[in-house]
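A quick write-up on the structure given underneath.
Right, dumping it as structure tokens:
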């Protein structure tokens with residue numbers, strides 16, 4: 242049974258995607274307003290270099306706030322993942338580039 246079938250949408254919206262901050266213990270989601278992040282290992286400045294476990298590097302590629310939103314939306318829709326974009330044009334471009342071929 243999926244999470245969507247077990248709980249009402251309002252319960253999922255409140256609880257899913259929120260995990261306590263390992264450093265501060267905050268129970269609620271914090272708002273990540275930074276555009277750049279410090280990383281210990283060298284990271285190439287390309288989205289192609291990013292893996293699933295790569296820490297946050299650049300705000301347009303993701304940040305903790307957007308990550309939490311994506312997890313909430315995926316849980317509400319009953320899917321494995323969701324994507325959020327910085328603009329409507331970015332969202333439309335992603336759709337077109339994934340579905341259309343050259344020519």
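In my numbering, the protein residues as written are 242 to 344.
Ideal placement from N, C-alpha and C gives every residue a C-beta, glycine not left out.
Could you round the C-beta distance between residue i and residue j to whole angstroms and report it? I think they count as a contact, below 8 Å.
i: residue 259; j: residue 309; result: 6 Å
i: residue 305; j: residue 273; result: 4 Å
Using three-state DSSP, classify residue i as helix, strand or coil.
i: residue 254; result: helix
i: residue 274; result: coil
i: residue 297; result: coil
i: residue 308; result: helix
i: residue 318; result: helix
Quick one: residues in its chain with C-beta nearer than 7 Å to the C-beta of residue i, no 5 flanking neighbours on either side, listed in chain order?
i: residue 313; result: 254, 257, 258
Please identify the residue among the options whose C-alpha is closest to the C-alpha of residue i.
i: residue 250; options: 315, 272, 265; result: 315
i: residue 248; options: 307, 317, 269, 297; result: 317
Looking only at its own chain, which residues have a Cβ that is under 8 Å from the Cβ of residue i, when we skip the five neighbours before and after it?
i: residue 262; result: 271
i: residue 343; result: none
Excluding the 5 residues flanking residue i on each side, which residues of the same chain have their C-beta closer than 6 Å to its C-beta?
i: residue 322; result: 315
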